[in-house]
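Structure first, then comments.
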Amino acid sequence: MLGISELRLENLLFDIDDEGIATLTLNRPAKRNALDAQTIEELIGVFTALPSSGARAVVLKAAGPHFCAGLDLVEHGREQRSPAEFMRICLRWHEAFNKIEYAGLPVIAALKGAVVGGGLELASSVHIRVMDETTYFGLPEGQRGLFTGGGATIRVPALIGRARMVDMMLTGRLYSGDEAVSVGLAQYRVPDSEAKAYELARLAAQNTPLSNFAVCSAISHMQNMSGFDAAYAEAMVAGIVNTQDAAKGRLDSFARGTAVKIKPE
Numbered sequence: 335m336l337g338i339s340e341l342r343l344e345n346l347l348f349d350i351d352d353e354g355i356a357t358l359t360l361n362r363p364a365k366r367n368a369l370d371a372q373t374i375e376e377l378i379g380v381f382t383a384l385p386s387s388g389a390r391a392v393v394l395k396a397a398g399p400h401f402c403a404g405l406d407l408v409e410h411g412r413e414q415r416s417p418a419e420f421m422r423i424c425l426r427w428h429e430a431f432n433k434i435e436y437a438g439l440p441v442i443a444a445l446k447g448a449v450v451g452g453g454l455e456l457a458s459s460v461h462i463r464v465m466d467e468t469t470y471f472g473l474p475e476g477q478r479g480l481f482t483g484g485g486a487t488i489r490v491p492a493l494i495g496r497a498r499m500v501d502m503m504l505t506g507r508l509y510s511g512d513e514a515v516s517v518g519l520a521q522y523r524v525p526d527s528e529a530k531a532y533e534l535a536r537l538a539a540q541n542t543p544l545s546n547f548a549v550c551s552a553i554s555h556m557q558n559m560s561g562f563d564a565a566y567a568e569a570m571v572a573g574i575v576n577t578q579d580a581a582k583g584r585l586d587s588f589a590r591g592t593a594v595k596i597k598p599e
């Protein structure tokens, strides 16, 4: 497996600071950061390598005024893929977004401008979404004669419900502002989404890595299980996480009343 420093990144920028906060930047601003096959492969490479990189949390952001306008339609038209070829492309999208959701590292997206189509599929795979005043969400595939292929049918209904997703695809409805937060497309709406994303990343990075791993992978796995199996899996994960030495130390600190109090939002 290649380390991040060995990856040849053309459409992504990567950096990590001394606190273990990694920054991954979508870097195709002239294309509104549309996702082509190369970008998807780079996402797979980065999120495969991240767990062993020393990163404790990740901020996913974008160059230019838009987060991501979805599938690169220019490449899609040029390649003239067969159904089987496009199915394989979709499976690579699933691989990339599954790597993000299940890698066990907190990923916080700083959203702005367009978060549409495949851009919403990407955003829905992260753990916390922060939008600014310019952000809008859409799934225009239905009006373009297309259908989602990167996990929208799995993740977007989990955020907003099936009926709202169907409405978005059939009518081109967009969500922005407080309405986007109220339906579940973002958890935060702030003037500066990047600043807030870094604040949240640093907060999450203070947790023990094992606790973050459980929160950022086990919950998603349990949603794919029956309630009976999820209860068993939850007990098993709690048994491992809650008996780690770091957890015991923090519980003792809370019991003594010396734990750091986190100020509510």
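For any residue, its number in the working numbering is found by taking its place in the sequence shown, counting from 1, and adding 334.
We treat Cβ as the ideally placed atom computed from N, Cα and C, and that holds for glycine.
Query: Counterpart residues of Cys402 in DSSP-defined beta bridges; Result: Val449
Query: Three-state secondary structure assigned by DSSP to Leu346; Result: strand
Query: Length of the line joining the Cα atoms of Gly354 and Ala443; Result: 16 Å
Query: Environment of Pro598 [buried if 16+ CB atoms lie within 10 Å]; Result: Caution applies to Pro598, whose pLDDT of 39 falls short of 50 and renders its modelled position unreliable; the value that the coordinates give is listed next. Answer is exposed; the Cβ neighbour count stays below 16.
Query: Where Met559 falls: helix, strand or coil (DSSP); Result: coil
Query: For Ser545, three-class secondary structure by DSSP; Result: helix
Query: Buried or exposed by the 16-neighbour rule on C-beta atoms within 10 Å, applied to Tyr522; Result: buried
Query: Extent of the continuous beta strand (DSSP E) run through Ala601; Result: The chain is shown only over 335 to 599; residue 601 falls outside these bounds and no answer can be derived.
Query: Separation of Leu369 from Leu346, as counted between CA atoms; Result: 11 Å
Query: Other residues of its chain near Ala539: CB distance less than 7 Å, five sequence neighbours each side excluded; Result: Glu353, Gly354, Ile355, Arg390 and Ala391
Query: Local conformation of Arg463 per DSSP, three classes; Result: strand
Query: Spatial neighbours of Ser510 in its chain, beta-carbon cut-off 6 Å, leaving aside the 5 residues before and after; Result: Tyr470
Query: Residue range of the unbroken beta strand (DSSP E) whose run includes Thr357; Result: Ile355 to Leu360
Query: Backbone CA spacing between Arg463 and Ser554 [nearest angstrom]; Result: 16 Å
Query: Contiguous beta strand (DSSP E) assignments of at least 3 residues, all confined to the segment 461–549; Result: 462–465 and 470–472
Query: Segment limits, alpha helix (DSSP H) that includes Asn432; Result: Pro417 to Tyr436
Query: Contact set for Ala397: own chain, Cβ-Cβ below 8 Å, skip 5 residues either direction; Result: Leu347, Thr359, Leu360, Asn361, Arg362, Pro363 and Asn367
Query: Residue range of the unbroken alpha helix (DSSP H) whose run includes Glu376; Result: Ala371 to Ala383
Query: Rounded straight-line distance, which links the Cα of Val524 to that of Ser387; Result: 30 Å
Query: Alpha carbon of Phe481 to alpha carbon of Asp579, nearest angstrom; Result: 48 Å
Query: Sub-7 Å separation of Cys402 and Leu456 beta-carbons; Result: yes
Query: Closest residue to Glu375 among Gly411, Ser339 and Glu429 (Cα-Cα distance); Result: Glu429
Query: Nearest candidate by alpha-carbon position, reference Gly411, set Leu544, Val450, Phe431 and Arg478; Result: Arg478
Query: Through-space distance from Ala371 to Glu435, alpha-carbon basis; Result: 19 Å
Query: Euclidean distance between Cα positions of Met570 and Met556; Result: 12 Å
Query: C-beta contact flag for Lys395 and Glu528 at 7 Å; Result: yes
Query: Gly476 beta carbon less than 7 Å from that of Met503; Result: yes
Query: Distance CB(Leu405)-CB(Gly472) smaller than 7 Å; Result: no
Query: Residue closest to Arg489, alpha-carbon to alpha-carbon, out of Ala514, Met465, Pro543 and Gly518; Result: Gly518
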